[in-house]
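Q: Chains A and B supply the protein sequences, listed in that same order. Going by the numbering used here, the first sequence opens with residue 1, and the numbers climb by one from there. Going by the numbering used here, the second sequence opens with residue 1001, and the numbers climb by one from there. The structure follows.
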Amino acid sequence: MLGETEWAIVLLSLRVALVAILVALPFAFVFAWILARFSFWGKSLLQALITMPLVIPPVVTGYLLLVWFGARGMLGGFLNDVFGLTFSFRWTGAALAAGVMAFPLLVRPMRLSIESLDRGLEEAARSLGAGRIVVFLTVTLPLLLPGILAGAVLGFAKALGEFGATITFVSNIPGETQTLSLAIYSLLQSPNGDVAALRLILVSVVISIVAVVASEWLQRRLSGGRA
Amino acid sequence: MSETLIVSVEGQVGTFPVAAAFTAGGGVTALFGESGAGKTTLLKMIAGVTRPAKGRIAIRDHVLFDSARGIHLPPEQRRIGYVFQDARLFPHLSVKNNLTYARWAGRRSAGLSYDRVVALLGLEHLQPRAPALLSGGERQRVAIGRALLSNPALLLMDEPLSSLDHSRRQEILPFLETLRDETGLPILYVSHEIDEVARLADEIVLLQAGRVTASGPAEAIFSRLGSHDDAGALVTGVVTASDEAFGLTSLDIGGQRFQIAKLGFAAGTKLRLRIRARDVSIARALPQAISVRNILPAKISAISGNDGPDCDLTLDIGGQTIVARLTRKSASELALKQGEAVFALVKAASVDRGVLRG
């Protein structure tokens, strides 16, 4: 059904989106936790910063990534020298762009579920002898899992479909940075590419639906009889 | 009674100041007061959830908080079982895993055996269920069991029955009585329900606007509790005989025979009766041909109420206290005075009882 190149595009897209979400998730959780549990000076500024990728044009985000994480960018040079991590024109750059763009969508559902968690349950757990860390692992985290999962699925869908920041930051290189969205775009630009484009469009729709259905199923399982 | 819990704290929650000092002994100590009197704040301070500004909290020799020495143990190190108004069962765990939480997450060895607690609270058939599928009363029983299985040195109960309707309360109260009588665990019981206090408390601490205004044995404090209509007294008696044909139980109260319209107590059982002030009448002379079954010689130890339509008489009956509410006009017509001997009339049908340990 799908040709070798098409499979490569699908696998590359999945890799980019999965890596983006897996790396971004812990950071997003920490920020969601800080925003939900603490009040401090500059909190609204932090919140605005996190929401940024959602509101500024993706092309601008891509450009800023190029400036900061490009080969001669401040952070890009540092990460290259210290960890040997290169972003420019590599799939890792596509993952970075996808992760940054998905970040606000990861934070929001997690923040909401942390805020709506009954803190009395943590109080009860501590009165039963469990220390902070044990309470987090046995009560807080299990109860937040549905919210974390919701954030992850939303972020994954966003990462999979990311276009503007990616093409600006790492360009459209087949086999390296050409994800599903970019491939569909290229095919639509070329004459006679419509049929091939349609096949990729179908694939991306199927992936999205599978992700959403799987997450609904997982959420039901995680929340047991509660939901 | 030995002092188990010693509390002397000052602190502020929001704009609400709390300054309270009291001790609690072995059995049930009721912390009684209106909503907003600071009961829950005080419990949170004892549990370690809220930090008092200064003072000291200790269970026997174990110091939980001491501002002078900079001691403030975290909740998990206090060995205090906390039963909340809303049961706060962990919704992602089965009843069984809730009950054993202190063991597997808190590393607490159970003082009471699991099987005993399950039997005591009637939880056998609930174990595999999810908390969401329990009734309010069942949830509260599981919460009590969970707290008991954390091997606590003290049990805090914050209005554990307040979220339940009347019939559910009646379902749980016997469990609480069993708990009190069989475990010997000191319990600090917060309530503003006078019925619960009458039934459960050995000692009462009265809290008003963040301050302790009275404390002592339940019988001594009880007559000061409650709203106008609820006012009354607690007396203790020993069952002497039962009249099966008429459904009456006779007790000995300070050498006097006292009958109540209830059955099912073995001779020798100690019973505590709650006698409402408005159910007690006074006669100057021994009445003849009257339906009231309890006519007790009494001495007026105090008369209160100089305005308003009625007044309360504090009466001494063989060393125990009951309160009678009369209209001020009746008191005036009978020319009742402090120190005089009268007869107190109490209908057998009007008495609430709570069982004390035998």
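Where is the CB? At the ideal position from N, CA and C, for every residue including glycine.
(1) In this structure, how does DSSP classify GLU1010(B) when only helix, strand and coil are distinguished?
(2) Take every Cβ of the segment 52 to 62 of chain A, pair it with every Cβ of the segment 100 to 118 of chain A, and state whether three or more of those distances are shorter than 8 Å.
(3) Could you check whether VAL1197(B) and GLY1205(B) sit closer than 8 Å to each other, using their CB atoms as the reference points?
(4) Can you list, in chain order, the residues of its chain whose CB lies under 8 Å from that of PRO1074(B), leaving out five sequence neighbours each side?
(5) For GLY1014(B), which residues from the same chain have a beta carbon less than 7 Å from its beta carbon, with the 5 sequence-adjacent residues on both sides left out?
(6) Can you name the start and end residues of the alpha helix (DSSP H) that LYS1039(B) belongs to?
(7) Do you know how far the Cα of ILE1046(B) is from the Cα of SER1167(B)?
(8) VAL1205(B) by DSSP, collapsed to three states: which one?
(9) Ordered along the chain, which non-local residues of its own chain (more than five positions away) have a Cβ less than 8 Å from that of ALA28(A)?
(10) For GLN178(A), count the other beta carbons within 10 Å of its own beta carbon; 16 or more makes it buried, fewer makes it exposed. Which is it?
(11) Any idea if VAL16(A) is buried or exposed, counting beta-carbon neighbours within 10 angstroms, 16 or more meaning buried?
(12) Name, going along the chain, the residues of the segment 125 to 148 of chain A whose beta-carbon falls closer than 9 Å to a beta-carbon of chain D.
(13) What does ALA1102(B) touch in chain A if you count any residue whose Cβ is under 7 Å from its own?
(14) Among GLY1237(B), SER1332(B), VAL1342(B), ALA1233(B), which residue has its Cα nearest to the Cα of THR1321(B)?
(15) Take the Cβ of HIS1062(B) as the centre, count every other Cβ of all protein chains shown within 10 Å, and call the residue buried at 16 or more, exposed below.
(16) Given that a residue counts as buried once 16 or more other Cβ atoms are within 10 Å of its Cβ, and exposed if not, what is ALA227(A)?
(17) Would you mind working out which of GLY1026(B), THR1041(B), GLU1138(B) sits nearest ASP1181(B), comparing C-alpha positions?
(18) Check whether the Cβ atoms of LEU1188(B) and LEU1005(B) lie closer than 8 Å to each other.
(19) Check each candidate in ALA1105(B), LEU1120(B), VAL1238(B), SER1281(B) and name the one with the smallest Cα separation from ALA1267(B).
(20) Excluding five sequence neighbours on each side, which residues of the same chain lie with their C-beta closer than 6 Å to the C-beta of GLU1171(B)?
(21) Less than 8 Å between the beta carbons of LEU160(A) and LEU143(A), yes or no?
(22) Within the segment 1048 to 1121 of chain B, note down every full beta strand (DSSP E) run reaching 3 residues or more, in order along the chain.
(23) For ASP1252(B), I'd like the list of residues in its chain whose CB is within less than 7 Å of its CB, leaving aside the five on either flank, ordered along the chain.
(24) Can you tell me whether GLN189(A) is buried or exposed? The criterion is at least 16 other CB atoms within 10 Å of its CB, across all chains shown.
(25) So, is the C-beta of PRO1160(B) closer than 8 Å to a C-beta in chain A?
(26) What do you get for LYS1044(B), buried or exposed, if any count of 16 or more other CB atoms within 10 angstroms of its CB means buried?
(27) Using 10 angstroms around the beta-carbon of ALA1128(B), count the other beta-carbons present and answer buried if the total reaches 16, otherwise exposed.
(28) For ILE209(A), count neighbouring Cβ atoms within 10 angstroms of its own Cβ and tell me buried if that reaches 16, exposed if not.
(29) Compile a chain-ordered list of the residues in the segment 1052 to 1075 of chain B whose CB is closer than 9 Å to at least one CB of chain A.
(30) Using a Cβ-Cβ cutoff of less than 6 Å, which residues in the same chain neighbour ALA197(A) once the five nearest sequence positions on both sides are dropped?
(31) Grouping DSSP H, G and I as helix and E and B as strand, with all else coil, what is ARG1276(B)?
(32) So what's GLN1338(B) in DSSP terms, helix, strand or just coil?
(33) Hey, does LEU218(A) have any beta-carbon neighbour from chain B nearer than 8 Å?
(34) Can you give me the C-alpha to C-alpha distance between PHE163(A) and PHE169(A), rounded to a whole angstrom?
(35) Please go through the same chain and pick out, in chain order, the residues whose beta-carbon is closer than 6 Å to the beta-carbon of SER1301(B), but skip the five residues on each side of it.
(36) Would LEU121(A) count as contacting chain B if we go by Cβ distances under 8 Å?
A: A quick look at the data gives this:
(1) Here residue 1010(B) refers to the residue found at position 10 when the second sequence is read from its first residue. Here GLU1010(B) sits in strand by DSSP.
(2) yes
(3) By one-based count along the second sequence, residue 1205(B) stands at place 205. By one-based count along the second sequence, residue 1197(B) stands at place 197. Note on residue identity: the sequence assigns Val, not Gly, to residue 1205(B). For VAL1205(B) and VAL1197(B), no; Cβs fall outside 8 Å.
(4) For the purposes of this step, residue 1074(B) is taken as the residue at position 74 of the second sequence. Once the five neighbours on either side are set aside, the close Cβ partners of PRO1074(B) are GLY1048.
(5) Mapped onto the second sequence, residue 1014(B) falls at position 14. Counting only Cβ-Cβ distances below 7 Å, and skipping sequence neighbours, we find nothing.
(6) As a working mapping, residue 1039(B) is identified with position 39 in the second sequence. Where LYS1039(B) is concerned, the enclosing alpha helix (DSSP H) stretches over 1039 to 1047.
(7) As a first step, residue 1167(B) is located in the second sequence; it is residue number 167 there, counting from the start. As a first step, residue 1046(B) is located in the second sequence; it is residue number 46 there, counting from the start. Approximately 31 Å, taken between the alpha carbons.
(8) Here residue 1205(B) refers to the residue found at position 205 when the second sequence is read from its first residue. In the structure shown, VAL1205(B) sits in a strand (DSSP, three-state: E or B).
(9) Walking along the first sequence from the start, residue 28(A) turns up at place 28. For ALA28(A), where only same-chain residues beyond five positions count, the Cβ hits under 8 Å are PHE103, LEU106, VAL107, MET110, GLY151, GLY155.
(10) Indexing the first sequence from 1 puts residue 178(A) at position 178. Under this definition GLN178(A) is a buried residue.
(11) Position 16 of the first sequence, counted from the first residue, corresponds to residue 16(A). Per the 10 Å Cβ criterion, buried.
(12) Going by chain labels, chain D is absent from the structure shown, which instead holds the protein chains A and B.
(13) As a working note, residue 1102(B) is residue 102 in the second sequence. Those are LEU128, GLY129, listed as they occur along chain A.
(14) As a working note, residue 1321(B) is residue 321 in the second sequence. Nearest C-alpha to THR1321(B): ALA1233(B).
(15) Working through the second sequence from its first residue, we reach residue 1062(B) at position 62. With fewer than 16 other Cβ atoms within 10 Å, it is exposed.
(16) Within the first sequence, the letter at position 227 stands for residue 227(A). The predicted position of ALA227(A) is uncertain, since its pLDDT is 42 and thus under 50; no value can be drawn from it.
(17) Residue 1181(B) sits at position 181 when you count from the first residue of the second sequence. Ranking GLY1026(B), THR1041(B), GLU1138(B) by Cα distance to ASP1181(B) puts GLY1026(B) first.
(18) Taking the first residue of the second sequence as position 1, residue 1188(B) is located at position 188. Taking the first residue of the second sequence as position 1, residue 1005(B) is located at position 5. A contact, by the Cβ cut-off of 8 Å.
(19) Walking along the second sequence from the start, residue 1267(B) turns up at place 267. Closest by alpha carbon: VAL1238(B).
(20) In the second sequence, counting from the first residue as 1, residue 1171(B) sits at position 171. Once the five neighbours on either side are set aside, the close Cβ partners of GLU1171(B) are GLY1137.
(21) Here residue 160(A) refers to the residue found at position 160 when the first sequence is read from its first residue. Here residue 143(A) refers to the residue found at position 143 when the first sequence is read from its first residue. Their beta carbons are not under 8 Å apart, which means LEU160(A) does not touch LEU143(A) by this criterion.
(22) 1054 to 1059, 1062 to 1066, 1080 to 1083
(23) On the second sequence, residue 1252(B) is found 252 positions in, with the first residue counted as 1. Excluding sequence neighbours, ASP1252(B) sits near GLY1237, VAL1238, THR1240.
(24) Taking the first residue of the first sequence as position 1, residue 189(A) is located at position 189. GLN189(A) should be labelled exposed.
(25) Along the second sequence, read from residue 1 onward, the residue named residue 1160(B) stands at position 160. False, the Cβ-Cβ gap to chain A never drops below 8 Å.
(26) Position 44 of the second sequence, counted from the first residue, corresponds to residue 1044(B). With 16 or more other Cβ atoms within 10 Å, it is buried.
(27) Start at 1 with the first residue of the second sequence, and residue 1128(B) comes out as number 128. Note on identity: in this sequence residue 1128(B) is Pro, with Ala being the wrong assignment. Exposed: under 16 other Cβ atoms inside 10 Å.
(28) For the purposes of this step, residue 209(A) is identified with residue 209 of the first sequence, where counting begins at 1. Result: exposed.
(29) PRO1074, PRO1075
(30) Here residue 197(A) refers to the residue found at position 197 when the first sequence is read from its first residue. So the qualifying residues of the chain are ILE184, LEU187, LEU188.
(31) Along the second sequence, one-based indexing puts residue 1276(B) at 276. In the structure shown, ARG1276(B) sits in a strand (DSSP, three-state: E or B).
(32) Locating residue 1338(B) in the second sequence gives position 338, where the first residue counts as 1. Correct three-state label for GLN1338(B): coil.
(33) If you number the first sequence from 1, residue 218(A) lands on position 218. LEU218(A) does not count as touching chain B.
(34) Numbered from 1 along the first sequence, position 163 holds the residue referred to as residue 163(A). Numbered from 1 along the first sequence, position 169 holds the residue referred to as residue 169(A). Distance between the alpha carbons of PHE163(A) and PHE169(A): 10 Å.
(35) For the purposes of this step, residue 1301(B) is taken as the residue at position 301 of the second sequence. Cβ neighbours of SER1301(B) beyond the five flanking positions: THR1314, ASP1316.
(36) Taking the first sequence and counting its residues from 1, the one referred to as residue 121(A) is at position 121. Cβ-Cβ to chain B under 8 Å: yes for LEU121(A).
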